[in-house]
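Structure, as structure tokens:
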Amino acid sequence: MKLNKEIKLFNKVFGLHLLLMTFYAFFVPVLLTQYRSRLELRAFYAIINSVGPLTIMYYCGTAYSDSRKIISICNKLQQNIVLLEKEHKEMNKLLIQVSTIKPEFTAAGFFKMRKSTILSFFNISMTYIIVLSQFCNKDVPCV
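Sequential numbering of the sequence shown, starting at 26, is according to my numbering.
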């Protein structure tokens, strides 16, 4: 149960930072579409500034899925391996603890940091870039 307290503390301390980092990672490329500098430089800058936040978001998202994998591994071990009574009790205790703990990192409580969150924000930013590029042409600058 200590893990739940640690995750709640992490969310309380770093939740706002995760939220701001998420918006920064996805809206820097969107904002860079409005500048008239070389496309290669804009793409390079966007990628460099988004790699760190995206990596942190990815690993925050894997915490939940990895905890669910532990449950299936414990169940397979109990089915495939003959355990002594003491080992069987310890395995059940571990299963109970792992099944009650749901390590989910949040961005200041607004949304959960999962791998699907990355894809959702990527989808939103790419849609915006496509719509913006359709309204922009060489004669009229993008606003």
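Every residue gets a Cβ at the ideal spot worked out from N, C-alpha and C, and that includes glycine.
None of the values given here were measured: they were computed from a predicted structure.
Between residue 142 and residue 46 the beta-carbon gap is near 12 Å, outside 8 Å, which marks them as no contact. Under the three-state reduction of DSSP, residue 127 is assigned to coil, being neither helix nor strand. A Cβ-Cβ separation of about 7 Å places residue 96 in contact with residue 120 under the 8 Å criterion. Its Cα nearest to that of residue 41, the residue 138 stands out among 144, 160, 138. DSSP lists no bridge partner for residue 27. Residue environment: residue 117 is assigned as exposed (fewer than 16 neighbouring CB atoms within 10 Å of its CB, all protein chains considered). For residue 137, DSSP records a beta bridge to 131. Between residue 43 and residue 69, the alpha-carbon positions lie close to 23 Å from each other.
By the CB criterion at 8 Å, residue 126 and residue 90 fall outside the cutoff.
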